[in-house]
Each structure stands twice: as C-alpha cells, then as structure tokens.
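Letter 727 of the sequence shown, counting from 1, is numbered 1208 in the numbering used here, and no numbers are missing.
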Amino acid sequence: MWVSIALILVSILYSAYMARKNQPHAAIFEDGDFPTADEGTPQYVVFGDCWSADWCVIAWGNQRNRKVKKGGFLSKHTVGYRYFASLQMGLGRGPLNAITAIRVGDKVAWTGSAEGNAAINIDKFDLFGGDEGQGGIVGTAQVLMGERTQQAPDLLQKLLGGATTGCRGVATVLFDGMLCAMSKSPQPWVFRHWRTTQGWDRDPWYPEKALILLRNDLADLSDYPADQRDAMRNIHAINGAHMLVEVATSHDWGRGMDLSELDLDSYKAAADQLYAEGLGLCLRYTRGGSLDDFVQQVLDHISGAQFVSLSTGLLTLRLIRADYNVADLPTFGYDSGLLAIEDMETSTDEEVNVVIGTYSDPVKREQRQVRARNTGAVQATGSNVVMTRDYPGLPTWQLAQRAVERDLRVKTGGAKNYKVTLDRRGRWIEPAGLMVIHAPEEGLDQLVLRVAKIERGKITDGKIVITCAVDVFGLGALRLSNPPGSVYIPPATDAQPAIAQSAWELSYRDLAHSLSLADLAALPARSGYVGAVGKRPTSSTSDFALAVSTANATYNEVAEVECTPYARIAADMARSDQAITIHLVGETDLDALNVGQALLIDSEIVRLDAIDLQTHLCTIARGCADTVPAAHPAGTVVWGYEAGLGVDPTLRFFGDTVNLKLLTRTSSDKLDPILATSMSVTLADRAARPYPPACLRINGLGYPDQLYGSLAATWAHRDRTQQSGTLVASDAGSIGPESGTNYTTNWYLDGALVRNQSGISSAGDVYSPPPGSGGKTVRVEVESLRDTHESWQKLQHTFLYRAQLVTEEGDRIVSEAGGVFILE
C-alpha cells in the first residue's frame, strides 16, 4: 500500500517537474510588432468625423508579462503569458474636439466622448478570448490632444527619457496596460474622432455654423454597447466653408493668409447655405499632399468655386446653386459685348445615363455605394452607360445620393459646352458666375451659361474668352428659337403633375426585402418608413423627385422615384379568386415588371407569377405579406411598386404624419412643388404588427356562398419573421405562428356582433347560430394579436346562412339517405 502511494506521489511530482521544464519562455515585443513612424505622428489634418487611417506607434516600451497558470495543487504549470506595454499612438494634427470610439483588431474596445486631455479606462479582458484565446485590452489610455500648453505626463517622460517634448500641436494617445495574451501578437488600434472648432491657429471662424450634426439610423451597431448605440449614430461633420477658411489661414499647414484677405461675407453666406442644406463633410487632409488638390476636392463635394475676385481683390467662395433670377443676370448679344459664340460639340454616342458613387460611412467605418439612373436616357440608348464617382467626404447615403443625382443631372441634362468671346464689357465676369447670351442670329434667344474658365487676352486686343456650359439649374429658363420657316414642333418637355400617385407606410416584408437582417433587427421600436409611387404623366417624363414635409414645413427633396408600372383591372375581382389570371388595361411601364415581384391592388399585396406583355394578362397569387384577399371592382389601380418605389430615408415613428409630393422631372424641367398634389401618411406601426392569418376555411370550404348548421372556421398561421422578404400566398399552408401570437374572432349575424372570442392559440373557432337565423347574413372576421399589436388587416368572409328543418324538440329532420332539409 505505502509503495503504491509513494509511486503515485512520484508520478505527480514528475509530471509537475516536466510541466515546469516544458513551460513556454516569456517572449518580448520587438520593433516589427508595432508600425512605427520614422518622423513621429502621422501628418493628418482631420475635418469632421473620421477614423484614424493607420495604426501608428510613435514610441513603445515598459514591456512586461505575467504568467498564465493552469492545473491542480501540485500540477500547476505555466501555459502562456499576458503581455503588457506602454504605447504612444499618433492620430494627427491636434487638438481634436473629441475621441468617440476605439477599435482594436476590429473589435469595439471603448465608446464614449473623450474631450480634452482625458483618461480612458478600458476593461476588455476577453476582447480576443481572454486566457483561452489571445487575451484582450485592459489599461488606461491617456488622451493628449496637443494643446499649446500641454506638458508631457510622467509616463511619457519615463518612456522616452531625456528631454521629452510636450507633443504640442499633435493628438496622441498614451496607453499602458495589457495588449494581448498567449500569443505575442498585438492587434492594430483605430480611433474614431472628430474636429470642427479645435486646432485652429486662432479662435475658430464662425463657430456656430462649423458643426453639422448628421446621423445614420440604419447601421447595424449590435457590436456596440446598447447604451452607446444612439450616440454612435451621430456624425459630427464639418461645414465645407469652414474647411476652406482654415486651409487658407492656417500657418502650420495651410496657406498662412490673413482673414482680411478673404471675402468673409461670401464665406459666411456659403456656410449658412451649407448648414441649411445639412451638407457636412468628413475628410482627412494628408500633409505633404497638394493643397490645391484638396481644396478642389472640397469644392467638388459642395459644388462651389473659389477665386480671387477682380472687383475686391479678395479670395471669394461661390456656391453653384439655383439661387438667381434670370432677369438680374448680365446679358450679352452681338450689340452688347458678344464677339463670338462657339458650340463645343461633343459626341453623345456614349452619353452617361447611370452614375455610381462611393462614399465613406464613419459610423460603420466602411465604403458604401449609391447610384442614380436616368431611365429615359437608358431606354433611348438601350444600354447602361456608367460613370463612377468617389465622394470620400460625404458621410451619409442621403448626401451621396444627392451628389450622384446632381452629377447625373449634369451629364444628362442637356448641359452643352460653349466658348464665348466677349469684349471688355465682360471684364467683371468671374468663375462660377452666370451670364445670358441673347443671339437670335444663332438661334439662341435666352441661353443661361455658367462660367468655368476665363482667359483674359492682352490689353491690346481686349478679348475675353470664356469656357462655359448651359447651367443645369437654369434649364427651365432656356429658350431656343427655331429658324424661320421650320415646321418642326419639338415634343413637350415641360413637367406635368403625376396623374396617379399613392403613398403608404412600408410593410415588414418591404423592409425585409430592402434591409439586411441585422439592420432590420436594429430598427428602433415603433418606427417605420414611408414610400410613394407615381404613374408616368407624359412620355417625356424621366422620373420624379420625392419631396417630403412634416408639420407644415418646407418640402425637401429626399429621394428619386422611378416611374412606377401602373394599370387598372378590367373586371371585378372576388375575394374568393385566389391564383387567378387578370386582364390589365390603361397600362404604363409594364415592361419594368419581373416575375416574383410584389404588386399592390388597392391595399392588397399580390405576387406576380406570370405576365404577357402583348395581351396584358397576368397571373397573381393573392393576399401576401401583411394583407388579405379583398374584393376589387373593375378599374381598381394596380401598382408594380417594387419596380418604382421612392422611400423617404428618414426613420419615422408611430403617430408621425408625413406629407409627400412627387415632383415630375423631364430632360429639361422639374415640376414646381406648388403644382404637385400632396399626399399624407400617418405612421401606424405597420412593420411591427403580426401578419394576419391566412387560408380561411368555413366548414372546410374556401369562401362559400352559403352554409347551414354549426359553423367551424379554420385558418393557417403566418410568421413575418420566418417569411422575411418572401411573398407567401394566402391559400398556402401554415408558417409559424410568430412567437406570442394569438387570434381573435368576431361573428356577426345581419351586422350584429353575436360572438367574440379572444386569446385563441389554435387555428380554429366554432359558432352555432340560434334557431331563427335562417336567411340571415353571417360575417366572420379573424385577426392576429401579439402583445398590443393587431394585424394590419383582418381575414374575413360574408355568406348566407340557411336554416334546417327541425322537429318541435329541435332535432334535425333528415332524409332516408341522411341528407338535411334546408328552408328556402
């Protein structure tokens, strides 16, 4: 016995010895583990809300480790190490307004708002799996914004030794703590930060309009703490006019001009305009790059021009907008300064009709795309001619969408280029300025031109040569006269109001069809979106601009709406007609439809299963998504809304009322909002409601005309979360039900409620009409309930109840074959 115990103890001690003998050595960090910069902090100047471009470690040291041990009392052994160090990381020119997030290895390490020289405590031990994985981040990050009076903290002096600078004028973060575990592989750090009013040479110019606060309410932020997600959706963008002022006046990295050299009134007017438009930018300038290129990039984003004015000698900013009256513009003709006008004709064989833009989303830290398409131009050429544009400074898809639509309008709006030669009477024309050419001799009665380039000749010849283009904002003012004797009548291109239109709150299925599951799940409670459709009013209509307003405010354009496929049904549709073929009349744009898409007949969503574009016959499946089969009279409108739905991108909430207008657009005109008919939608929590039940059967029959005896209603379950973006017909079998769903039935006899049953968890209910009910009308309604939400529509049917012959005792009288006798 004692020998056995001794052998066991020897075995345990030997195992412990071998474990200690084979334990890993404590590795130390090396230069290659950190991306260091030879010249210190990266030379970035941050404008607005940006993520740091690279992980740049200025200095590191103070490294140490701590053993990670496992095992029992005698067999405890070292399995690895936790690695600690001090790092100074550079962010760029400082000070910044705030740091709002830190990601390490693309995982969220911290969120908040660190302003000034703040200390950030990070406690994310399990960020990379803890001791079972590769450790995490635990320690203190000291933010050093780079103020002019900043002193180096003790830790930095110990880290660098000797005479340590205060790191003034640059923003850095000094971290000390755990960087990783088990594997000596520190993960890269990136910082989200924003700057609008900090870091200026002097006091910031016009600070009240420097910050333009934007939001991204659609991003999936499930990896961020729940209490920080709302704040993380904020985007602290900067006014482009302020960027240009700082570039001009910064002595550290800009042009070093004095404010007195700028026409500040012009910059203030532009700042007010950009602020009102919500056109904020988030952009990073890399020192060493061309300032001219950076300035041009800003001007491209805001649609502006910057130049030294001949009249004032000051640097001037002018935005290119439709903010003028043609009657107030300088006019030149052959008798008033015009020497020559030359049409700089270009080939239209490859005229752009689609613009795809890429923008930078600072909330998700990713590149995203938007597109604009001129449907009329695509149909005219028979193909898509695509131009790609980069908008690195636009932080939201709404701004990027406006930009691609602007650029598409320039490409397809008939903006011809001209070379105009003027005498000295045109000396006050300036870049981005406007002028009118009145030259009936050339067939030009009133041509509004936007100046692009000015070449001023020698004093001896006095000629001024101006390269310009037809102003896309002034196309409505363009009048071209025809040569005398011409019998050509140009097609009408004036914008006409939509003759048929509709707007509604989008269903859960519509959102599921458009959003990722993550973005759909991230939608706030009781929120939703509103969409609109419109029929093409004239053949020259290209599309619509969707303008919205709330609380009687000004209408703002928010989206583009393709002309929606439209038709009317030729004959009545009964509720009982399920998978049927219908004949469409009065149709427009049906060629844009695809099999499998959703159609909207009145308020019923149906699935398009087949269509013949020659006969206009189509096969549909009834009562899809959150709708039920309904009766529709001949002439009811059918919308192919999936092929032409404009969506207000602003997230709305229960009870909000949104007013919408469709502004018709042609190649040369856009409808005045005053002439457009307004539509109104009040949100009713549609997307949050459970789907209604489906496949109603009464005594086993689908939508019978008459019944007798006891009445048993059955139905099929539906689950919006399982169906997602799928269009399931009403007569299909059960799906679900959605968790927490129950049903309520209401039975009516000649319009009077005779039975109400709620809280039904099964898929059926029974009602027995009392004696004397024969010849009366029965209506049954079934609706779904989940929590406090009722289904958007109710499943229902109305039929005639026929009484049976009974004895005095109430027994049924039957024939010898067992059949019942029905009273007429």
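All C-beta atoms in this analysis are idealised placements derived from N, C-alpha and C, irrespective of residue type, glycine included. Bear in mind that the values here come from a model prediction, so they are computed numbers and not experimental data.
Cβ-based burial, residue i [other Cβ within 10 Å; buried from 16]
i     : result
E986  : buried
D739  : exposed
D888  : buried
A825  : According to the sequence provided, residue 825 is Met. The question's Ala does not apply to it. Flag for M825 reads exposed.
P1218 : buried
F1134 : exposed
E548  : This sequence places Lys at residue 548; Glu is not what is there. K548 should be labelled exposed.
G1009 : buried
V968  : Summary for V968: the model assigns pLDDT 36, below 50, so the residue's position carries little reliability, and this model does not support an answer.
V867  : exposed
W670  : buried
D635  : exposed
Under the three-state DSSP convention, the category residue i falls into
i     : result
A757  : helix
M738  : coil
D604  : strand
E596  : coil
S841  : strand
W878  : helix
Q569  : strand
H723  : helix
E911  : coil
T1035 : coil
V1162 : strand
S1211 : coil
G857  : helix
D711  : helix
S1057 : coil
E628  : coil
Y805  : coil
K1016 : coil
T522  : Any reading at T522 must be qualified, since the residue scores a pLDDT of 47, below 50, and its modelled position is unreliable; no value is offered.
K749  : helix
CB-CB length for residue i against residue j, believed under 8 Å
i     : j     : result
K944  : T893  : Not confirmed; about 33 Å, so no contact.
T592  : M713  : 6 Å
R937  : L915  : Wrong, their Cβ atoms sit about 18 Å apart, outside the cutoff.
L1080 : G1121 : 6 Å
A1124 : L1074 : 6 Å
F609  : Q524  : Actually they are not in contact, since the Cβ atoms of F609 and Q524 sit about 31 Å apart, beyond 8 Å.
L1276 : P1173 : 5 Å
L798  : E742  : L798 to E742, Cβ: 13 Å. No contact.
Option in the options with minimal Cα separation from residue i
i     : options                      : result
Y562  : G616, D708, K605 and D698    : G616
G907  : N898, G857, V891 and S817    : S817
Q679  : V671, F672 and E689          : E689
Q623  : L572, G1067, K934 and A884   : L572
W675  : L1126, F528, V1039 and T1117 : F528
M1344 : S1220, N1140 and R1170       : Look at the range of the chain in this structure, 482 to 1305, and you will see that residue 1344 is not part of it.
F656  : G614, R574 and N543          : N543
D459  : E847, A1197, T621 and G1127  : This structure leaves residue 459 out entirely; the chain is present only between 482 and 1305.
A1051 : G1012, A1028, C1099 and D774 : C1099
Residue i versus residue j: straight-line alpha-carbon distance, rounded
i     : j     : result
A999  : S666  : 31 Å
N1237 : T1222 : 17 Å
L810  : F1025 : 29 Å
T839  : A1193 : 58 Å
C537  : L641  : 16 Å
L568  : D612  : 22 Å
N697  : Q709  : 14 Å
A751  : L1266 : 53 Å
D1166 : S1272 : 10 Å
R1146 : V728  : 38 Å
G586  : Q777  : 34 Å
T1022 : D1153 : 14 Å
A757  : I719  : 13 Å
A1168 : A913  : 47 Å
K1257 : A1091 : 40 Å
E1038 : G874  : 21 Å
A1003 : H782  : 30 Å
S731  : L755  : 22 Å
P1046 : P1018 : 12 Å
R890  : S594  : 40 Å
L577  : A808  : 47 Å
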